[in-house]
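Remarks on the structure that follows.
2 protein chains.
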Amino acid sequence: MRRPTIKDVAERAQVSLKTVSRVINDEPSVQARTRERVQEAIAGLGYQPDPSARSLRSAQSYAIGLIYDNPNPYYVIAMQNGVLAVCRETGYGLQIHPCDSSSPKLASEIIRLVQHARLAGLVLAPPMSERQELVSELIANGIRLVRVVSAAADPQDGSACIYVDDRDAAYEITEHLIQLGHSRIGFLWGGKSHGSSWERHKGYKEALHDYGIALDEALVVEGDYSFDDGFRGARRLLALPDRPTAIFGSNDEIAAGVLAAAKSSGMNVPYDLSIAGFEDSPFSKQSWPALTTAKQATEEIAQHAARRLLQEIQDRPRKALSNEGFSPQLIVRGSTAPPRPKAR
Amino acid sequence: MRRPTIKDVAERAQVSLKTVSRVINDEPSVQARTRERVQEAIAGLGYQPDPSARSLRSAQSYAIGLIYDNPNPYYVIAMQNGVLAVCRETGYGLQIHPCDSSSPKLASEIIRLVQHARLAGLVLAPPMSERQELVSELIANGIRLVRVVSAAADPQDGSACIYVDDRDAAYEITEHLIQLGHSRIGFLWGGKSHGSSWERHKGYKEALHDYGIALDEALVVEGDYSFDDGFRGARRLLALPDRPTAIFGSNDEIAAGVLAAAKSSGMNVPYDLSIAGFEDSPFSKQSWPALTTAKQATEEIAQHAARRLLQEIQDRPRKALSNEGFSPQLIVRGSTAPPRPKAR
Numbered sequence: 002m003r004r005p006t007i008k009d010v011a012e013r014a015q016v017s018l019k020t021v022s023r024v025i026n027d028e029p030s031v032q033a034r035t036r037e038r039v040q041e042a043i044a045g046l047g048y049q050p051d052p053s054a055r056s057l058r059s060a061q062s063y064a065i066g067l068i069y070d071n072p073n074p075y076y077v078i079a080m081q082n083g084v085l086a087v088c089r090e091t092g093y094g095l096q097i098h099p100c101d102s103s104s105p106k107l108a109s110e111i112i113r114l115v116q117h118a119r120l121a122g123l124v125l126a127p128p129m130s131e132r133q134e135l136v137s138e139l140i141a142n143g144i145r146l147v148r149v150v151s152a153a154a155d156p157q158d159g160s161a162c163i164y165v166d167d168r169d170a171a172y173e174i175t176e177h178l179i180q181l182g183h184s185r186i187g188f189l190w191g192g193k194s195h196g197s198s199w200e201r202h203k204g205y206k207e208a209l210h211d212y213g214i215a216l217d218e219a220l221v222v223e224g225d226y227s228f229d230d231g232f233r234g235a236r237r238l239l240a241l242p243d244r245p246t247a248i249f250g251s252n253d254e255i256a257a258g259v260l261a262a263a264k265s266s267g268m269n270v271p272y273d274l275s276i277a278g279f280e281d282s283p284f285s286k287q288s289w290p291a292l293t294t295a296k297q298a299t300e301e302i303a304q305h306a307a308r309r310l311l312q313e314i315q316d317r318p319r320k321a322l323s324n325e326g327f328s329p330q331l332i333v334r335g336s337t338a339p340p341r342p343k344a345r
Numbered sequence: 002m003r004r005p006t007i008k009d010v011a012e013r014a015q016v017s018l019k020t021v022s023r024v025i026n027d028e029p030s031v032q033a034r035t036r037e038r039v040q041e042a043i044a045g046l047g048y049q050p051d052p053s054a055r056s057l058r059s060a061q062s063y064a065i066g067l068i069y070d071n072p073n074p075y076y077v078i079a080m081q082n083g084v085l086a087v088c089r090e091t092g093y094g095l096q097i098h099p100c101d102s103s104s105p106k107l108a109s110e111i112i113r114l115v116q117h118a119r120l121a122g123l124v125l126a127p128p129m130s131e132r133q134e135l136v137s138e139l140i141a142n143g144i145r146l147v148r149v150v151s152a153a154a155d156p157q158d159g160s161a162c163i164y165v166d167d168r169d170a171a172y173e174i175t176e177h178l179i180q181l182g183h184s185r186i187g188f189l190w191g192g193k194s195h196g197s198s199w200e201r202h203k204g205y206k207e208a209l210h211d212y213g214i215a216l217d218e219a220l221v222v223e224g225d226y227s228f229d230d231g232f233r234g235a236r237r238l239l240a241l242p243d244r245p246t247a248i249f250g251s252n253d254e255i256a257a258g259v260l261a262a263a264k265s266s267g268m269n270v271p272y273d274l275s276i277a278g279f280e281d282s283p284f285s286k287q288s289w290p291a292l293t294t295a296k297q298a299t300e301e302i303a304q305h306a307a308r309r310l311l312q313e314i315q316d317r318p319r320k321a322l323s324n325e326g327f328s329p330q331l332i333v334r335g336s337t338a339p340p341r342p343k344a345r
């Protein structure tokens, strides 16, 4: 099959060659509907514009970057795959940049990176996306970006973002445990550098409050989004004289650690202990029993972020764009059940 | 801190500016030891050469590509991180390209990709790396590449590669099970498009043969490198009238599926069934019991592959370069034990 040309695109979209060229070169003065028709034709034909002309013109490489700092392979791969799906449609390459979010020179590192690789823009994953000072500095340096953040509502701070309502989903998980009959519910934090950790903790607290259950700080343990911290935290909670009958781990990795700690103590999950996670990672389906969790549509979220970034790069009028929100959904599996009735 | 300059590099390496420039521009006529000294100075100072001059000169972007098709996030992330470590040292960007290894137009897709993104070279992961015709076509189109392949010895076919001796490690795993007293040992294949699947199967067969145990084809089940195929394969083996007392899954995902199948049948692992995997993924440490497996140093392998690719890009005399081999190591954990003594 011969490679599609710009002429094929023009014919399919029923526009002039000049119009196709304008769309490809991100020039203004093309109507939104016409632009969309041309973009559909490009996607439908699998047309790949020659990037060299554009690249020389704009001094940018035809690539975007994904910036993340997350120990969870499932999350990272889902983010990458979501962004890549949009890159493939649009002919952009994806450069990946895991980085150390605690680095004091993070802003200058990222700015240098963008200049060095001449990236057209960035998708910022948490926790970098949630550091307002960092984001402002990048924008002040002319970097186009979109952020993925944890928030119950659109932060409306002028920068493009996709927001995920972790608080609401954590509320639902806690409510599910309460409705099963649990009142001693342990909570294991994720890393405090992540906004999602704070939001999930808030959801847990709000549900307890709404159901009239007093918060017992002895049941709340700090840690990171990791298996090891889940294991350690659960050991600590299970050693309490009045131990919890359910534990909510802030992600599935933590919940997996809780599961291992329960099993290594000879406990029968869910009858001796109910366990819930967050994320709907493959592990949550594969463990025995499978984990009750909240489904976070990471790949879809990343796709929306990438689409939004390309809009930013193409510099469409900002007022036409609004930020999008996602809500993770409760998924009930075998790891949660009513607590054993207490002997009178 | 001010950004290091080419002058700092020259001072640290005790060479002239011209020599540093030659090394940065990959020009020949620099002695190997001098080149190394300059590269060490560049790495030590964190110097980042300005890519634009080079890029315009060579019409290449200052990025390499990683091509893979693997459903296993742990493997993919380890490959990415290994290549990225070398990219960071050398100032290259990494573009990632998961692809469909069964696509009939794979060669032309990859060639277009390299031209489109003007990549300086590629790291090819299995199974693409093991398709000789594809590799030849890429090389014939002037693409610099290094392959990561499964092989007991250097394939010596003229292209750069890092080879991993899966056969030897699979032999060791099988031998470990035999020495525990097992003779009914099930084997679950990985995907047949991967050379590693064939090599691991060979290692299994050779160990049985060397210990005088007849191969029972009823104990060998085909499938893919996935949890689901491990679950299905194990259910089939455990339903046999004379079921195996041990199952060797070709990777840890498969072994995780075996573990879930055993638990869902109410079996006690390892006493009712020994289970071994391959890879030393985080899951293998986190499951209960933890999995006996073979440690595959994927991140290190990827680093060596990236270093070798940069040598290819710099076009050093080929005769000075030899391919490197890695051998995964047996790690014994709680999922394997002697079989229960049979009632007389």
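From first to last, the protein sequence lines are chains F and R.
Residue numbers 2 to 345, in our numbering, belong to the letters of the first sequence in order.
Residue numbers 2 to 345, in our numbering, belong to the letters of the second sequence in order.
A virtual CB, placed ideally from N, CA and C, is assigned to each residue, including glycine.
Beta-carbon neighbours of F:A1, restricted to chain R and to distances below 8 Å: One cannot answer for residue 1 of chain F here, as it falls past the ends of chain F, which runs 2 to 345.
R:N142 to F:L67 span [Cα, whole Å]: The residue you call residue 142 of chain R lines up with position 141 of the second sequence. The residue you call residue 67 of chain F lines up with position 66 of the first sequence. Going by the C-alpha atoms only, they are around 30 Å apart.
Minimum Cβ-Cβ distance from R:K264 to chain F less than 8 Å: Residue numbering aside, residue 264 of chain R sits at position 263 when the second sequence is read from its first letter. So yes, R:K264 belongs to the interface.
Secondary structure, alpha helix (DSSP H): runs of 4+ residues fully inside the segment 270-295 of chain R: Counting only runs of 4+ residues, the alpha helix (DSSP H) found wholly inside the segment 270-295 of chain R occupies 283-287, in chain order.
Length of the line joining the Cα atoms of F:A54 and F:T6: What you label residue 54 of chain F is simply residue 53 of the first sequence in a count that begins at 1. What you label residue 6 of chain F is simply residue 5 of the first sequence in a count that begins at 1. Low per-residue confidence applies at F:A54: pLDDT is 42, beneath 50, and the placement is therefore not dependable, though the value from the model is reported in the following sentence. Rounded to whole angstroms, F:A54 to F:T6 spans 15 Å at the Cα level.
Within 8 Å, strictly: CB atoms of F:A298 and F:I332: As a first step, residue 298 of chain F must be located in the first sequence, where it is residue number 297. As a first step, residue 332 of chain F must be located in the first sequence, where it is residue number 331. No.
Three-state secondary structure (DSSP) of R:A261: Along the second sequence, read from residue 1 onward, the residue named residue 261 of chain R stands at position 260. Helix, per DSSP.
R:R58 versus F:G94: straight-line alpha-carbon distance, rounded: As a position in the second sequence, residue 58 of chain R is number 57, starting the count at 1. As a position in the first sequence, residue 94 of chain F is number 93, starting the count at 1. Legend: pLDDT at R:R58 = 39, less than 50; position of this residue unreliable, value from coordinates given subsequently. If I take the Cα positions, the gap works out to 21 Å.
Buried versus exposed, by CB contacts within 10 Å (16 or more), R:A154: Translated into positions along the second sequence, residue 154 of chain R becomes position 153. Exposed, since its Cβ has fewer than 16 Cβ neighbours within 10 Å.
F:I68: first and last residue of the uninterrupted beta strand (DSSP E) it sits in: In the first sequence, residue 68 of chain F corresponds to position 67, counting from 1. A64 to Y69 is the extent of the beta strand (DSSP E) around F:I68.
Interface positions of the segment 77-94 of chain F facing chain R (Cβ-Cβ less than 8 Å), listed along the chain: V77, I78, Q81, N82, L85, G92 and G94
Nearest-angstrom Cβ-Cβ length linking F:L220 and F:R185, presumed shorter than 8 Å: As a position in the first sequence, residue 220 of chain F is number 219, starting the count at 1. As a position in the first sequence, residue 185 of chain F is number 184, starting the count at 1. That belief holds up - the Cβ atoms of F:L220 and F:R185 are roughly 7 Å apart, short of 8 Å.
Proximity to R:I43 [Cα-Cα], best of R:P105, R:P245, R:V77 and R:R13: Locating residue 43 of chain R in the second sequence gives position 42, where the first residue counts as 1. Cα-wise, what sits closest to R:I43 is R:R13.
Cross-chain neighbours of R:Y96 in chain F, by beta carbon under 9 Å: As a first step, residue 96 of chain R is located in the second sequence; it is residue number 95 there, counting from the start. The identity of residue 96 of chain R in the sequence shown is Gln, whereas the question assumes Tyr. Those are A64, G94, L95, Q96 and I97, listed as they occur along chain F.
As assigned by DSSP and simplified to three states, the class of F:P329: Counting from 1 along the first sequence, the entry for residue 329 of chain F is found at position 328. F:P329 falls in the coil class under three-state DSSP.
Rounded distance between the beta-carbons of R:G267 and R:Y347, thought under 8 Å: The structure shown does not extend to residue 347 of chain R, since chain R is modelled only from 2 to 345, so the question has no answer here.
Neighbour flag for F:P371 against chain R, beta carbons, 8 Å: Because chain F is modelled from 2 through 345, residue 371 of chain F falls outside the range shown and cannot be assessed.
Burial state of F:N269, where buried means 16 or more other Cβ atoms lie within 10 Å: Here residue 269 of chain F refers to the residue found at position 268 when the first sequence is read from its first residue. Note on F:N269: under 16 other CB atoms within 10 angstroms of its CB, so exposed under the neighbour-count rule.
Any C-beta of chain F under 8 Å from that of R:F327: Here residue 327 of chain R refers to the residue found at position 326 when the second sequence is read from its first residue. No, because no Cβ of chain F sits closer than 8 Å to the Cβ of R:F327.
Same chain, Cβ closer than 8 Å to F:L310, neighbours up to 5 away in sequence not counted: As a position in the first sequence, residue 310 of chain F is number 309, starting the count at 1. Cβ neighbours of F:L310 beyond the five flanking positions: I65, G122, L123, V124, R145, L146, V147 and A161.
The segment 107-115 of chain F / the segment 128-139 of chain F touching (three or more Cβ pairs under 8 Å): yes
Proximity test, Cβ basis, 8 Å: R:R113 and chain F: Against the second sequence, residue 113 of chain R aligns to sequence position 112. By this cut-off, R:R113 is an interface position.
Per DSSP, the bridge partner or partners of R:L146: On the second sequence, residue 146 of chain R is found 145 positions in, with the first residue counted as 1. The partner list for R:L146 (beta bridge, DSSP) reads R:L123.
For R:C162, the first and last residue of its enclosing beta strand (DSSP E): The count along the second sequence starts at 1 and reaches residue 162 of chain R at position 161. For R:C162, the enclosing beta strand (DSSP E) stretches over residues C162 to V165.
Unbroken alpha helix (DSSP H) run spanning R:G45, endpoints: Translated into positions along the second sequence, residue 45 of chain R becomes position 44. Segment A33 to L46, the alpha helix (DSSP H) holding R:G45.
Rounded Cβ spacing between F:Q304 and F:A86 (contact assumed at less than 8 Å): Working through the first sequence from its first residue, we reach residue 304 of chain F at position 303. Working through the first sequence from its first residue, we reach residue 86 of chain F at position 85. Confirmed, Cβ separation roughly 6 Å.
Test item: CB-CB of F:E200 and F:R168 under 8 Å: Here residue 200 of chain F corresponds to residue number 199 of the first sequence, with the count starting at 1. Here residue 168 of chain F corresponds to residue number 167 of the first sequence, with the count starting at 1. Yes, the Cβ-Cβ distance between F:E200 and F:R168 is below 8 Å.
Beta-carbon gap between F:G187 and F:F228 smaller than 8 Å: Walking along the first sequence from the start, residue 187 of chain F turns up at place 186. Walking along the first sequence from the start, residue 228 of chain F turns up at place 227. Contact flag unset, no.
Cβ neighbours of R:E325 in the same chain (closer than 7 Å, five flanking residues each side left out): For this step, residue 325 of chain R is matched to residue 324 along the second sequence. Here the set comprises I163 and H305.
Test: R:K284 CB closer than 8 Å to a CB of chain F: To locate residue 284 of chain R, count along the second sequence from 1; it is residue 283. It is worth fixing the name first, because residue 284 of chain R is Phe in this sequence and not Lys. It does: the Cβ of R:F284 has a partner Cβ on chain F nearer than 8 Å.
Proximity to F:L114 [Cα-Cα], best of R:A152, R:L46 and R:Y63: Within the first sequence, numbered from 1, the residue matching residue 114 of chain F stands at position 113. With distances taken between Cα atoms, F:L114 lies closest to R:Y63.
Interface positions of the segment 219-230 of chain R facing chain F (Cβ-Cβ less than 7 Å), listed along the chain: For the segment 219-230 of chain R, which is checked against every Cβ of chain F, the residues closer than 7 Å are F228.
Chain R contact for F:Q49 (CB, 8 Å cutoff): Counted from its first residue, the first sequence places residue 49 of chain F at position 48. So, interface residue.
Cβ neighbour criterion (16 or more within 10 Å) applied to F:Y75: Taking the first residue of the first sequence as position 1, residue 75 of chain F is located at position 74. Buried is the call here.
Which listed residue (R:C88, R:L209 and R:T175) has its alpha carbon closest to that of R:A307: Numbered from its first residue, the second sequence carries residue 307 of chain R at position 306. For R:A307, the nearest C-alpha among the options comes from R:C88.
Where R:V222 sits in the DSSP three-state scheme: As a working mapping, residue 222 of chain R is identified with position 221 in the second sequence. Strand, per DSSP.
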